[in-house]
Amino acid sequence: MTRRRYAPVWYAVVVLAATTAVVWSQRGAPPLTREARVDAIFSAWSTTTPGCAVGVAEQGASVLERAYGMADLEHDAVLRPDSIIEAGSVSKQFTAAAVLLLVGDGTLSLDDPVRRYVPELPDYGTPLTIRHLLTHTSGLRDWGSLAAIAGWPRGQRMHTHADVLDILSRQEALNFDPGTHWSYSNSGYNLAAVIVGRVSGQSFAEFSRTRIFEPLGLTHTSWRDDYRRVVRGRAIAYDAGRGGEFRQDMPFENVHGNGGLLTTVGDLLRWTEHFAAPPPGWEAVVRQQQTPATLADGRALHYAFGLFVGRHQGEEEIYHSGSTAGYRAFVTRFPGAHLSVAVLCNTGAANATELAHAVSDLYLGDRLRPSVSAPALLSEARGPLVGVEPDKAYRPTPDDLAGFAGTYDSREVETTLTVEVRDGALVVRRRPDTVLTLRPHSTDRFEANGLGLVTFHREGGRVVSLGVTQDRVWDLRFARVPGAPISGRAGRR
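Be aware that the sequence shown starts at 43, since it is given in this note's numbering, and climbs by one per residue.
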């Protein structure tokens with residue numbers, strides 16, 4: 043049987059596309075067309091690999107829709123331009139639009155408290171609004187990160203919106219006060235989908251079909267609200283396993299709104315066009331959706347409502363990327379050039395963002411300007427891990443390590459962590475069979491692959507809890523259980 047091997051490195055293909063025209067010119071042959079140069083960009087994907095679909099629209103008209111690679115390696119089904127591929131977080135702009143349509147209907151306000159519609163959430167004693175959900179300024183911990191800390195990352199257990207609500211209902215703290223920071227959180231968009239369903243009286247999928255997909259002519263688009271549903275023309279997702287052999291990597295969950303949009307590059311091009319020429323009733327939605335958010339102190343973000351707003355090669359760019367399981371996506375618009383590019387891939391080996399930009403550069407042509415480093419998002423400058431530098435001089439003694447050993451419990455993620463000393467190193471055990479090594483970082487701090495930055499907190503000099511910090515979860519506390527037996531001691535083998 044022929045093995046499906048990891049495709050050649052994608053960036054070599056982009057370089058090839060950039061230099062091919064020069065080579066042909068040197069040989070006296072006519073330069074390649076833009077279409078041929080697009081083919082070169084995607085030449086890594088073949089009949090032995092998964093691949094990507096790409097679409098380009100100029101002045102509101104589709105000028106290119108092509109696909110490269112296979113949709114199903116087991117059944118030798120070729121990827122087509124109209125193959126259904128999951129769009130990951132590109133989906134968020136559709137969820138934001140659904141909420142904004144309800145705002146236009148007068149049935150809710152962006153500044154309504156979330157608990158008015160989702161009473162399952164705890165009262166954190168500070169205003170938490172729908173606007174915060176859609177702009178990633180809510181402070182809500184990312185539910186997927188919480189599930190992973192508990193030992194069940196997305197893809198290893200089937201999750202539903204009921205699971206999301208259950209996880210969030212147990213969170214005793216936010217990452218930060220709403221509106222004071224920016225931290226990407228899928229939780230906000232799952233709650234937004236729940237709110238749309240509760241306010242409209244329809245399922246979120248049905249509301250989207252009747253108010254967005256059908257009116258805008260998105261005939262191949264739906265939500266993955268039931269992962270078992272048969273979707274004709276859907277491409278299977280893959281990732282590269284050991285030795286470069288491709289293996290299936292499908293999203294087995296019913297959670298959607300944060301991601302889960304099943305679509306085609308053609309439908310995405312039609313979607314991007316409605317921003318340039320809004321149909322009746324969409325003008326306010328389009329205007330609001332592209333307006334960057336601000337923090338409570340007035341500082342502007344590069345994130346609007348399900349969309350990033352920035353610049354690429356001197357051109358204003360409105361875009362979003364997506365990644366779920368083995369699917370990768372990137373959709374971008376250049377309003378000044380009236381150009382849109384959509385890339386959907388069914389392999390985690392593809393960098394959809396870079397591929398889309400390589401295509402965009404071909405069509406932007408003379409409009410390109412030298413790249414200028416954009417200012418970092420406020421989230422990147424203010425996150426909890428930024429500025430926390432490791433102290434190479436920190437070398438905890440065996441007695442220090444023994445002082446950290448113990449059992450730590452969190453009701454918020456319903457998980458117990460057991461910290462032990464093994465062979466002179468600190469490790470953490472988590473059921474059913476996970477053992478992670480804690481590497482010294484700085485005083486009372488350790489790093490663990492798959493867990494994050496672990497900080498031991500003291501009261502009166504004694505360790506009383508540990509906190510787990512990741513990009514999307516800030517200092518999730520595990521309380522030390524008094525008197526719990528320790529199964530591992532210094533020197534244990």
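Heads up, the beta-carbon is just placed ideally off N, CA and C, and yes, glycines get one too. Please read these numbers as outputs of a predicted model, since none were measured by experiment.
Considering only residues of the same chain and omitting the five flanking positions on each side of residue i, which have a CB-CB separation below 8 Å?
| i | result |
| --- | --- |
| Arg251 | Ser264 |
| Glu315 | Ala99, Gly102 and Ser382 |
| Gly283 | Arg289 |
Quick one: grab the DSSP three-state call for residue i.
| i | result |
| --- | --- |
| Pro92 | coil |
| Arg157 | helix |
| His380 | coil |
| Phe317 | helix |
| Glu358 | strand |
| Glu489 | strand |
| Gly279 | Reading off the sequence, residue 279 comes out as Ala, not Gly. Residue state, collapsed to three classes: coil. |
| His399 | helix |
| Ala63 | Residue placement at Ala63 cannot be trusted, given a pLDDT of 46 that sits under 50; what the coordinates show is reported in the next sentence. Note: Ala63 maps to helix in three-state DSSP. |
| Arg329 | helix |
| Val236 | helix |
| Val80 | helix |
| Glu137 | Contrary to the premise, residue 137 reads as Thr rather than Glu in this sequence. DSSP places Thr137 in helix when its eight states are reduced to three. |
| Tyr231 | helix |
| Phe372 | strand |
| Phe294 | coil |
Is it buried or exposed, residue i, if we count other Cβ atoms within 10 angstroms and call 16 or more buried?
| i | result |
| --- | --- |
| Arg487 | buried |
| Arg388 | Note that residue 388 corresponds to Asn in the displayed sequence, not to Arg. Asn388 is buried by the Cβ-count criterion. |
| Gly97 | buried |
| Asn491 | exposed |
| His344 | buried |
| Gln213 | buried |
| Asp267 | buried |
| Thr137 | buried |
| Gly308 | buried |
| Glu454 | buried |
| Pro92 | buried |
| His117 | exposed |
| Ala95 | buried |
| Asp465 | exposed |
| Gln512 | buried |
| Val261 | Before going on, a small fix: residue 261 reads as Thr here, not Val. Exposed is the call here. |
| Ala435 | exposed |
| Thr149 | exposed |
| Val64 | With a pLDDT of only 41 at Val64, under the threshold of 50, the placement of this residue in the model should not be trusted, and no figure is reported. |
Skipping 5 residues on each side, what residues in its chain have a beta carbon closer than 7 Å to that of residue i?
| i | result |
| --- | --- |
| Val145 | Ser151 and Leu152 |
| Ala202 | Correcting the residue identity first, residue 202 is Thr in this sequence and not Ala. Cβ within range, chain order: Asn296 and Val297. |
| Pro524 | none |
| Arg240 | Tyr159 |
| Ala326 | Gly146 |
| Ala335 | Thr177, Thr179, Leu343, Tyr345 and Ala346 |
| Val351 | Gln332, Pro334, His344 and Ile360 |
| Tyr209 | Per the sequence shown, the amino acid found at residue 209 is Ile instead of Tyr. Correct list, in chain order: Trp185, Leu188 and Ala189. |
Are the CB atoms of residue j and residue i within a distance shorter than 8 Å?
| i | j | result |
| --- | --- | --- |
| Leu349 | His362 | yes |
| Ala379 | Leu410 | no |
| Ala234 | Leu170 | no |
| Val461 | Leu468 | yes |
| Ala279 | Glu396 | no |
| Pro220 | Ser180 | yes |
| Asn300 | Lys134 | yes |
| Asn228 | Trp185 | yes |
| Ile191 | Val506 | no |
| Leu106 | Ala113 | no |
| Leu163 | Ser242 | no |
| Leu337 | Thr222 | yes |
| Pro322 | Val328 | no |
| Asn232 | Ser225 | no |
| Arg370 | Gly390 | yes |
| Asp433 | Ser484 | yes |
| Val88 | Arg514 | The sequence as given places Ser at residue 88; Val does not occur at that position. In this structure, Arg514 does not lie closer than 8 Å to Ser88 by Cβ. |
| Gln330 | Leu74 | no |
| Gly275 | Asp124 | yes |
| Arg522 | Gly448 | yes |
| Leu303 | Gly230 | no |
Tell me which residues share the same chain as residue i and place their Cβ nearer than 6 Å to its Cβ, disregarding the 5 neighbours each side in the sequence.
| i | result |
| --- | --- |
| Ile237 | Tyr159 |
| Asn294 | The amino acid at residue 294 is misidentified as Asn; the sequence shows Phe. Within the same chain, Phe294 has close Cβ partners Met200 and Tyr269. |
| Ser452 | Phe520 |
Could you check how far apart the C-beta atoms of residue i and residue j are, in whole angstroms? I think they sit under 8 Å.
| i | j | result |
| --- | --- | --- |
| Phe376 | Val385 | Going by Cβ atoms, the distance from Phe376 to Val385 rounds to 15 Å, so no, they are not a contact pair. |
| Pro482 | Pro438 | 6 Å |
| Leu404 | Arg79 | 6 Å |
| Thr366 | Gly130 | 4 Å |
| Val470 | Leu443 | About 12 Å; that fails the 8 Å criterion. |
| Val132 | Gly368 | Actually they are not in contact, since the Cβ atoms of Val132 and Gly368 sit about 15 Å apart, beyond 8 Å. |
| Val496 | Leu518 | Incorrect: roughly 10 Å between the Cβ atoms, too far for contact. |
| Tyr450 | Leu508 | 5 Å |
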